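Using my numbering, the first residue of the sequence shown is number 39, and each one after it goes up by one. Cβ coordinates follow ideal geometry from the N, Cα and C atoms, glycine included. Every value quoted in this text rests on a predicted model; they were computed, and no experiment measured them. Worksheet: one structure, shown below.
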Amino acid sequence: MVIKPKVRGFICTNAHPVGCAESVAQQIAYVKEQGDLGEGPKNVLVIGSSTGYGLASRITAAFGYGANTLGVCFEKAPTERKTGTAGWYNTAAFHKQAEQAGLYADTLNGDAFSNEMKEDVIAKLKENMGNVDLVVYSLASPRRTDPATGVTYKSTLKPVGQEYTTKTYDTDKDKVHEVTLEPANDEEIHNTIKVMGGEDWELWMDALADAGVLAENCKTTAYTYIGKELTWPIYGQATIGKAKEDLDRAAAAIIGKHSDLLVEAHVSSLKALVTQASSAIPVMPLYISLIYQVMKEEGTHEGCIEQIYGLFNTCLYGDNPTLDEANRYRMDGKETNDATQAKIKALWDQVTQENFHELSDYAGYHHEFLKLFGFDIDSVDYDADVDPQVSW
Ligand code: NAD
39 MVIKPKVRGF ICTNAHPVGC AESVAQQIAY VKEQGDLGEG PKNVLVIGSS TGYGLASRIT
99 AAFGYGANTL GVCFEKAPTE RKTGTAGWYN TAAFHKQAEQ AGLYADTLNG DAFSNEMKED
159 VIAKLKENMG NVDLVVYSLA SPRRTDPATG VTYKSTLKPV GQEYTTKTYD TDKDKVHEVT
219 LEPANDEEIH NTIKVMGGED WELWMDALAD AGVLAENCKT TAYTYIGKEL TWPIYGQATI
279 GKAKEDLDRA AAAIIGKHSD LLVEAHVSSL KALVTQASSA IPVMPLYISL IYQVMKEEGT
339 HEGCIEQIYG LFNTCLYGDN PTLDEANRYR MDGKETNDAT QAKIKALWDQ VTQENFHELS
399 DYAGYHHEFL KLFGFDIDSV DYDADVDPQV SW
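Here it is as structure tokens:
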């Protein structure tokens, strides 16, 4: 099969197995280039392990520290006529490389929010890997079925309190235009917290502790985006921000409940970048295209792997972590510092339909977007016939 990108709105509906493998190989190479990372995790569970920040966490744990990894993800397998999802191919590529490097790796594909998945993970840990000393929680999902009630909740991306009018960029129509976002009602806020808040992270930690598969001094982290004034109305202080605030509550609850094991729980704040999750958020493609422009000029641009390597090296396993007043690890300083934000704000105020491509790094954004699905990578021959049926 010859595979070319099929982009529909903010998503690409297919993926390229060779391109995804190349993108995983590049991230592994980056981590290996950093040399000896010293003491780190040995047995790692990554919930949301197949793309974005979770995949980068798995790669850093395995190829930076030689850790065994168990991944959990929700991906579609390929068929004869249809490609698998990018996360499927990334996971297959990760497994192949881990095997070659003699690293234990296993992945369970299914709904991380369910009780069944938690039971399956615990069984795997008992059977093959032993107690975990790091749990990374990196899920991004539009819906969640509460295992206690069977009720399915959907998240909403809306402002809280009042409507918000802002510029946005429509990647489909190549158009910069104004958009007015209606405020969420209480039910929408509640539902978003049910999906993207800390409840499921807590349930995971409770289940692992109850089953006796958490190592003493186990660390756990869940990822958040905090941002600044430009994104607060649609992210930080919006429905998703309310859900992310709930992670802070969950972190404290996890520390309290599992004090016998001295579990360390931190929310980690990461920078905004192109992933499947962020491209679905209104305003983010415009904001990210502008920060790419500014941060590349400053020489401070980072992708998932650089951010996560930094998080492990300086915060999770470093001596001098950057912590904020809410006990969160902060890896977003290069984006959120006042000087950089002022440059982004200046561009934001000027940007119009006419000058968008000149002022922003949309070319860089679009390249990164295609790369998420294994496309637009120089070393890959996209005219070659490839077998979509890859497994792990
Ligand atoms: P992503 O879409 O690339 O990854 C999401 C992962 O979750 C995938 O591995 C997917 O398979 C898995 N997943 C989704 N639903 C699942 C389910 N029901 N069961 C099992 N697995 C499931 O997203 P990302 O951008 O890497 O986001 C990961 C975390 O990082 C999120 O909490 C997000 O809010 C946070 N974050 C993202 C950004 C950003 O700019 N992208 C910035 C800061 C923090």
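- Query: Is residue 237 near ligand 1, going by C-beta to nearest heavy atom under 7 Å?
  - Reply: Checking every heavy atom of ligand 1 against the Cβ of residue 237, none is found closer than 7 Å.
- Item | N- and C-terminal bounds of the beta strand (DSSP E) containing residue 109 | In the DSSP assignment, residue 109 falls within the unbroken beta strand (DSSP E) covering 106 to 111.
- Message: Let me check one thing: in DSSP terms, what residues is residue 223 bridge-paired to?
- Response: The partner list for residue 223 (beta bridge, DSSP) is empty, contrary to what the question assumes.
- Message: In the DSSP output, what is residue 261 paired with across the bridge?
- Response: Among the bridge pairs identified by DSSP, residue 261 is matched with 306.
- residue 128 in three-state terms, based on DSSP: Reduced to three states, the DSSP call for residue 128 is helix.
- Determine the DSSP secondary structure at residue 162, reduced to helix, strand or coil. In this structure, residue 162 counts as helix in the three-state DSSP scheme.
- Per DSSP, which one or two residues make a beta bridge with residue 287? Partner(s): none; residue 287 has no beta bridge.
- Message: Measuring only from the beta carbon, is residue 179 closer than 7 Å to any heavy atom that is part of ligand 1?
- Response: True, at least one ligand heavy atom lies under 7 Å from that Cβ.
- Coarse secondary structure for residue 339, derived from DSSP in three states: The three-state secondary structure of residue 339, taken from DSSP, is coil.
- If you measure from the CB of residue 110, is any heavy atom of ligand 1 nearer than 7 Å? The answer is yes for residue 110.
- residue 371 Cβ short of 7 Å to ligand 1 heavy atom set: It does not: the Cβ of residue 371 is nowhere closer than 7 Å to a heavy atom of ligand 1.
- Message: Buried or exposed, going by whether 16 or more other CB atoms sit within 10 Å of the CB of residue 339?
- Response: Around the beta-carbon of residue 339, 16 or more other beta-carbon atoms lie within 10 Å, marking it buried.
- Message: Can you tell me where the beta strand (DSSP E) holding residue 143 begins and where it ends?
- Response: 143 to 147 is the extent of the beta strand (DSSP E) around residue 143.
- Quick one, which of 273, 50, 250, 71 has its alpha-carbon nearest residue 344's? Cα-wise, what sits closest to residue 344 is 71.
- Reduced DSSP secondary structure (H/G/I, E/B, other) of residue 196: In the displayed model, residue 196 falls within coil according to three-state DSSP, outside both helix and strand.
- Would you mind working out which of 112, 104, 116 sits nearest residue 138, comparing C-alpha positions? Scanning 112, 104, 116 for the CA closest to the CA of residue 138 turns up 104.
- Message: Let me check you understand the geometry: is the CB of residue 348 closer than 7 Å to at least one non-hydrogen atom of ligand 1?
- Response: Not so, every heavy atom of ligand 1 lies at least 7 Å from the Cβ.
- Give a single yes or no on whether residue 150 has its beta carbon closer than 7 Å to a heavy atom of ligand 1. At least one heavy atom of ligand 1 is nearer than 7 Å to the Cβ of residue 150, so yes.
- Message: Among 266, 369, 125, 60, whose alpha-carbon lies nearest the alpha-carbon of residue 259?
- Response: Distances from the alpha-carbon of residue 259 to those of 266, 369, 125, 60 put 369 closest.
- First and last residue of the uninterrupted alpha helix (DSSP H) at residue 400: For residue 400, the enclosing alpha helix (DSSP H) covers residues 400 to 410.
- Task: Tell me, to the nearest whole angstrom, how far the beta carbon of residue 276 is from that of residue 217; I am working on the premise that it is less than 8 Å.
- Result: Beta-carbon to beta-carbon, residue 276 and residue 217 are separated by about 13 Å, too far to satisfy the 8 Å threshold.
- Message: Please report the straight-line C-alpha distance between residue 354 and residue 91, rounded to a whole angstrom.
- Response: If you take the alpha carbons of residue 354 and residue 91, they lie about 15 Å apart.
- So is the beta-carbon of residue 122 under 7 Å away from any non-hydrogen atom of ligand 1? No, the beta carbon of residue 122 sits no closer than 7 Å to any heavy atom of ligand 1.
- Task: List the DSSP bridge partners of residue 206.
- Result: Looking at the DSSP assignment, residue 206 forms a beta bridge with 215.
- Item | residue 390, buried or exposed, once every other Cβ within 10 Å from all chains shown has been counted against 16 | Its Cβ having fewer than 16 others within 10 Å, residue 390 is exposed.
- ligand 1 heavy atoms versus the CB of residue 113: any closer than 7 Å? Yes, the beta carbon of residue 113 sits closer than 7 Å to at least one heavy atom of ligand 1.
- Who are residue 433's beta bridge partners in DSSP? Look at the range of the chain in this structure, 39 to 430, and you will see that residue 433 is not part of it.
- Message: If I follow the unbroken beta strand (DSSP E) through residue 91, where does it start and stop?
- Response: Where residue 91 is concerned, there is no enclosing beta strand (DSSP E), although the alpha helix (DSSP H) it sits in stretches over 90 to 97.
- Message: Tell me which residues share the same chain as residue 232 and place their Cβ nearer than 7 Å to its Cβ, disregarding the 5 neighbours each side in the sequence.
- Response: Correct list, in chain order: 182, 184, 191.
- What number of angstroms, rounded off, separates the C-alpha of residue 83 from the C-alpha of residue 95? The straight-line gap separating the alpha-carbon atoms of residue 83 and residue 95 is approximately 10 Å.
- Under 6 Å Cβ to Cβ from residue 156, same chain only, skipping five residues before and after it: list those, please. Result list for residue 156: 245, in chain order.
- Item | Burial state of residue 300 (16 or more Cβ within 10 Å) | Classification for residue 300: exposed.
- Contact check, residue 378 vs residue 333 under 8 Å by CB: the rounded distance? Residue 378 to residue 333, Cβ: 7 Å. Contact.
- If we call anything under 8 Å between Cβ atoms a contact, is residue 303 one with residue 322? Contact check for residue 303 against residue 322 fails: the beta carbons are separated by 8 Å or more.
- Query: By the 10 Å Cβ neighbour count, where 16 or more other Cβ atoms means buried, how is residue 171 classified, buried or exposed?
  - Reply: Per the 10 Å Cβ criterion, buried.
- DSSP state of residue 380 mapped onto helix, strand, coil: Looking at residue 380 - three-state DSSP - the assignment turns out to be helix.
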